[in-house]
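Be aware that the sequence shown starts at 328, since it is given in the numbering used here, and climbs by one per residue.
Yeah, the Cβ is synthetic: ideal placement off N, Cα and C, and Gly gets one too.
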Amino acid sequence: MSVLLTNIGELVTNDPEHGAGTSDVGVVPRGAVVIEEGRIAWTGTASTAPAADTRIDLEGRCALPGFVDSHSHTVFAGDRSAEFAARMTGAPYTGGGIATTVAATRAATEDALRERGRSLVSEMLAQGTTTVEIKSGYGQDVATEARMLRIARELTPETTYLGAHTVPAEYADRRAAYLDLVTGPMLAACAPHARWVDVFCEPAAPTAFDEDESRAVLAAGLRTGLLARVHGNQLSAGPGVRLAVEVGAASVDHCTHLTDADVDALAGTWSGPARTSMSGTSMPGTVATLLPAVEFSTRSPYPDARRLLAAGVPVALATDCNPGSGYSSSMPFVVALAVREMRMSPDEALWSATAGGALALRRDDVGHLRVGARADLTVLDAPSRLYLAYRPGVPLVAQVWKDGIARRQVRRGRRLPASNVSD
Ligand code: NIG
Ligand code: FE
Numbered sequence: 328m329s330v331l332l333t334n335i336g337e338l339v340t341n342d343p344e345h346g347a348g349t350s351d352v353g354v355v356p357r358g359a360v361v362i363e364e365g366r367i368a369w370t371g372t373a374s375t376a377p378a379a380d381t382r383i384d385l386e387g388r389c390a391l392p393g394f395v396d397s398h399s400h401t402v403f404a405g406d407r408s409a410e411f412a413a414r415m416t417g418a419p420y421t422g423g424g425i426a427t428t429v430a431a432t433r434a435a436t437e438d439a440l441r442e443r444g445r446s447l448v449s450e451m452l453a454q455g456t457t458t459v460e461i462k463s464g465y466g467q468d469v470a471t472e473a474r475m476l477r478i479a480r481e482l483t484p485e486t487t488y489l490g491a492h493t494v495p496a497e498y499a500d501r502r503a504a505y506l507d508l509v510t511g512p513m514l515a516a517c518a519p520h521a522r523w524v525d526v527f528c529e530p531a532a533p534t535a536f537d538e539d540e541s542r543a544v545l546a547a548g549l550r551t552g553l554l555a556r557v558h559g560n561q562l563s564a565g566p567g568v569r570l571a572v573e574v575g576a577a578s579v580d581h582c583t584h585l586t587d588a589d590v591d592a593l594a595g596t597w598s599g600p601a602r603t604s605m606s607g608t609s610m611p612g613t614v615a616t617l618l619p620a621v622e623f624s625t626r627s628p629y630p631d632a633r634r635l636l637a638a639g640v641p642v643a644l645a646t647d648c649n650p651g652s653g654y655s656s657s658m659p660f661v662v663a664l665a666v667r668e669m670r671m672s673p674d675e676a677l678w679s680a681t682a683g684g685a686l687a688l689r690r691d692d693v694g695h696l697r698v699g700a701r702a703d704l705t706v707l708d709a710p711s712r713l714y715l716a717y718r719p720g721v722p723l724v725a726q727v728w729k730d731g732i733a734r735r736q737v738r739r740g741r742r743l744p745a746s747n748v749s750d
């Protein structure tokens, strides 16, 4: 059974065959896509498209690879809107509010956690996100961390063990004992449900972890077969980037405060001699994942994306959707922030929200529409990809395809101007 999506005003492929690089998203004007068995079978100009069993006319709309949101915390309980309001009138973000969510998450039923996770992932899908990563980290005891990850696994294969999010209050005077738990019994209970291990490496936050503690957490996860990613350099130019590079993390996330040495270290992972992991296999580099919805919601300076791009560091964009530092599930909002506030070009931002996210998750089957990719596509009720940043806050997603199946028909029937429609 094959499906032809045709009369696409602008098809974004991220395919080098169509000219894509990190600042060129491989656009085919008046494009078409053939989907077969949930995969991309063909892309090109509509006038040269092969026949298929079903033909769907997109009436000049823009189609792009589904967004890859490589950083979220969407399984939790409780509400911290008052903390947000306090920040908007001057209170700083310190990470201290995480304890509020930990208390609510521990107290919640499994069904309530599942419902919250499902509804946020469905909210993401409606906004064009077809791949999402979800972390634990609001349990901070063995049972609740494992429960969060079991639920996250029902929602996505990209699950991350973040037992080392903060030191919970009951361990405040016994940090070493909490680290023993995180690297011992908690890791053992969580690893079967996780692909990744993460740590909030931030010496500037008293409840987060310093360099040595963070190294111990990542090393234990790596020994168990998990892959590493790091929360780093959010509140200060701390050791997060250095450590992420040292352990071969796929990504270091936030990167709000970077030294020149941090930027050089990240760039070196992509240009230097091939690196070898602890198990002897060759390691790809470390992506810088920027989370501008957090700077928006914590009223902080935005990361310097241009400095990273100028140094040749691949940049991913993600929401970090969580109840504390930023509660947006919207990748279109993140793209608009990246363009307006971080001076990324619209195409750089779009690449980072799709192919960049895939690179940060070490996935080559998503984030692009090359032949063989998963048929994950987002169709915009707009003639061009530029509308993502040009019309911020407007629900532009008309349709979402995941694994070749139309999962969301969010808006229907609004015809685009005839000038955008071609045969
Ligand atoms: O990625 N920085 C640490 N963790 C989350 C925030 C969690 C929270 O405040 O609840 C983040 O920003
Ligand atoms: Fe986070």
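Nearest-angstrom Cα separation, counted from residue j out to residue i
{"i": "N747", "j": "T510", "result": "At N747 the pLDDT is 40, less than 50, meaning the model places this residue with poor confidence; the figure from the coordinates comes in the next sentence. Roughly 56 Å between the two C-alpha positions."}
{"i": "V557", "j": "P641", "result": "16 Å"}
{"i": "K729", "j": "T333", "result": "17 Å"}
{"i": "D580", "j": "W369", "result": "34 Å"}
{"i": "S749", "j": "G358", "result": "Caution applies to S749, whose pLDDT of 38 falls short of 50 and renders its modelled position unreliable; the model cannot decide the point."}
{"i": "R690", "j": "R366", "result": "15 Å"}
{"i": "D406", "j": "G567", "result": "28 Å"}
{"i": "A702", "j": "L506", "result": "42 Å"}
{"i": "V402", "j": "L440", "result": "6 Å"}
{"i": "P744", "j": "T625", "result": "Summary for P744: the model assigns pLDDT 46, below 50, so the residue's position carries little reliability, and this model does not support an answer."}
{"i": "E344", "j": "G353", "result": "8 Å"}
{"i": "A515", "j": "V355", "result": "48 Å"}
{"i": "L635", "j": "G651", "result": "26 Å"}
{"i": "L482", "j": "A373", "result": "35 Å"}
{"i": "R697", "j": "G348", "result": "13 Å"}
{"i": "R718", "j": "R445", "result": "27 Å"}
{"i": "E668", "j": "G346", "result": "27 Å"}
{"i": "V459", "j": "G684", "result": "9 Å"}
{"i": "P392", "j": "S711", "result": "14 Å"}
{"i": "I383", "j": "V330", "result": "7 Å"}
{"i": "G720", "j": "A412", "result": "20 Å"}
{"i": "H778", "j": "A733", "result": "Given that the chain is displayed from residue 328 to residue 750, the structure contains no residue 778 and the question cannot be resolved."}
{"i": "T551", "j": "Q467", "result": "19 Å"}
{"i": "A709", "j": "E337", "result": "9 Å"}
Own chain partners of residue i with C-beta closer than 6 Å, once the 5 adjacent residues on each side are dropped
{"i": "S657", "result": "Q454"}
{"i": "R502", "result": "V494"}
{"i": "T436", "result": "none"}
{"i": "A680", "result": "F394, L644, M658 and V662"}
{"i": "A638", "result": "V590 and A594"}
{"i": "T534", "result": "T493 and V494"}
For residue i, the three-state DSSP class (helix, strand or coil)
{"i": "A632", "result": "helix"}
{"i": "P484", "result": "coil"}
{"i": "F403", "result": "coil"}
{"i": "P356", "result": "strand"}
{"i": "D647", "result": "coil"}
{"i": "P641", "result": "coil"}
{"i": "R328", "result": "For clarity, residue 328 is Met in the given sequence; the question names Arg instead. Three-state DSSP puts M328 in coil, outside helix and strand."}
{"i": "L664", "result": "helix"}
{"i": "L593", "result": "helix"}
{"i": "R670", "result": "coil"}
{"i": "A615", "result": "strand"}
{"i": "R602", "result": "strand"}
{"i": "E337", "result": "strand"}
{"i": "D537", "result": "coil"}
{"i": "V748", "result": "Because the pLDDT of V748 is 40, which lies under 50, any placement of that residue in the model is unreliable, and the question is left without a value."}
Rounded distance between the beta-carbons of residue j and residue i, thought under 8 Å
{"i": "D631", "j": "S350", "result": "That pair is no contact at about 17 Å."}
{"i": "P519", "j": "V469", "result": "Not a contact, Cβ separation roughly 13 Å."}
{"i": "V361", "j": "A390", "result": "Not quite, the Cβ-Cβ distance comes to about 13 Å (not below 8 Å), so this is no contact."}
{"i": "H400", "j": "C648", "result": "7 Å"}
{"i": "L593", "j": "V574", "result": "Actually they are not in contact, since the Cβ atoms of L593 and V574 sit about 13 Å apart, beyond 8 Å."}
{"i": "R388", "j": "L707", "result": "6 Å"}
{"i": "S463", "j": "G490", "result": "7 Å"}
{"i": "L570", "j": "E538", "result": "6 Å"}
{"i": "G559", "j": "C517", "result": "In fact, because the Cβ distance is near 21 Å, the residues do not count as touching under 8 Å."}
{"i": "V544", "j": "V526", "result": "4 Å"}
{"i": "A531", "j": "G565", "result": "6 Å"}
Nonlocal neighbours in the same chain, by C-beta distance under 7 Å from residue i, ignoring five residues either side
{"i": "A521", "result": "L476, T486, T487, Y488 and L553"}
{"i": "A504", "result": "Y498"}
{"i": "P687", "result": "Correcting the residue identity first, residue 687 is Ala in this sequence and not Pro. The answer, listed in chain order, is S397, A577, S578, V614, T616 and A643."}
Residue i beta carbon near the ligand MN (any heavy atom closer than 7 Å)
{"i": "T428", "result": "Only the ligand NIG and the ligand FE can be found as ligands here, which leaves the ligand MN out of the picture."}
Contact set for residue i: own chain, Cβ-Cβ below 8 Å, skip 5 residues either direction
{"i": "P484", "result": "R522"}
{"i": "L713", "result": "P673"}
query = Which ranges would you report for the alpha helix (DSSP H) in the stretch 676-735 if only whole runs of at least 4 residues count?
reply = 684-687 and 714-717
4 or more residues per run - each alpha helix (DSSP H) lying fully within the stretch 418-506 = 425-434, 437-453 and 469-482
message = Just to confirm the assignment: which complete alpha helix (DSSP H) runs, minimum length 4, are found wholly within the stretch 356-396?
response = none
key: Those runs of the alpha helix (DSSP H) which lie wholly inside the stretch 546-587 and span at least 4 residues   = 567-574
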